[in-house]
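Under full-length UniProt numbering, the sequence shown has 79 at position 79, and the numbering climbs by one with no breaks.
Just so you know, even glycine gets a beta-carbon here, dropped at the ideal spot from N, CA and C.
If you're wondering where the values come from, they're calculated on a predicted model, not measured in any experiment.
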Amino acid sequence: MDYIFAAALIGFVAGLRAMTAPAAVSWAAHLGWIDLSSSWLAFLGYAWVPYVFTALALIEFVTDQLPSTPSRTVPPQFGARVVMGALSGAALGAAGGSLIVGLIAGIAGAAAGTLGGAAARVRLATAFGRDLPAALIEDFVAVALAAVAVGPL
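Right, dumping it as structure tokens:
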């Protein structure tokens, strides 16, 4: 897969679930699917980092179901998704040859995922008559797209 597309796709994932993207990238680095050893992002492949990001992603899956969770489009949540998309996209960019291009693609993907994911979630929740099925579908899509973006090819 082209690293620019992969970086944009992992950014899109960050727009859906902020912590799923860095968890996936961290696992890919840890398992040797991507090589970050020559970049400052090498820490993503350290032994304990995938577990930390995975724990954060699981917590996010739970907290996303809570009615008190703010919209992903408010500035703090939007910003977190863009930052995680930038980090994850930069990592895939670094593995593919251009950290900066990956970073930019990750940011663009995160913005698209945040806004598109919010709109899709509203439509799905309306169609189901409640939010939980829509949220679970979004969780599944985020994990599946993350696997596609970082999987060994």
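- Apart from sequence neighbours up to five positions away, the residues of its chain that approach residue 33 with a beta-carbon distance below 6 Å are 152, ordered along the chain.
- For residue 84, the secondary structure class from DSSP, reduced to helix, strand or coil, is helix.
- By the 16-neighbour rule on beta-carbons within 10 angstroms, residue 67 is exposed.
- If you draw a straight line from the Cα of residue 17 to the Cα of residue 40, it comes to about 24 Å.
- From the listed residues 79, 132, 124, 42, the smallest Cα separation to residue 108 is found for 79.
- With respect to the 8 Å criterion, residue 149 and residue 14 are not classified as neighbours on the basis of their beta carbons.
- Residue 104: member of the alpha helix (DSSP H) spanning 99 to 128, first to last residue.
- The region 104 to 118 makes contact with the region 83 to 94, as at least three CB pairs between them are under 8 Å.
- Of 100, 10, 120, the smallest CA-CA separation from residue 72 is found for 120.
- It is roughly 28 Å from the alpha-carbon of residue 102 to the alpha-carbon of residue 136.
- In the three-state scheme derived from DSSP, where H, G and I count as helix and E and B as strand, residue 133 is classed as helix.
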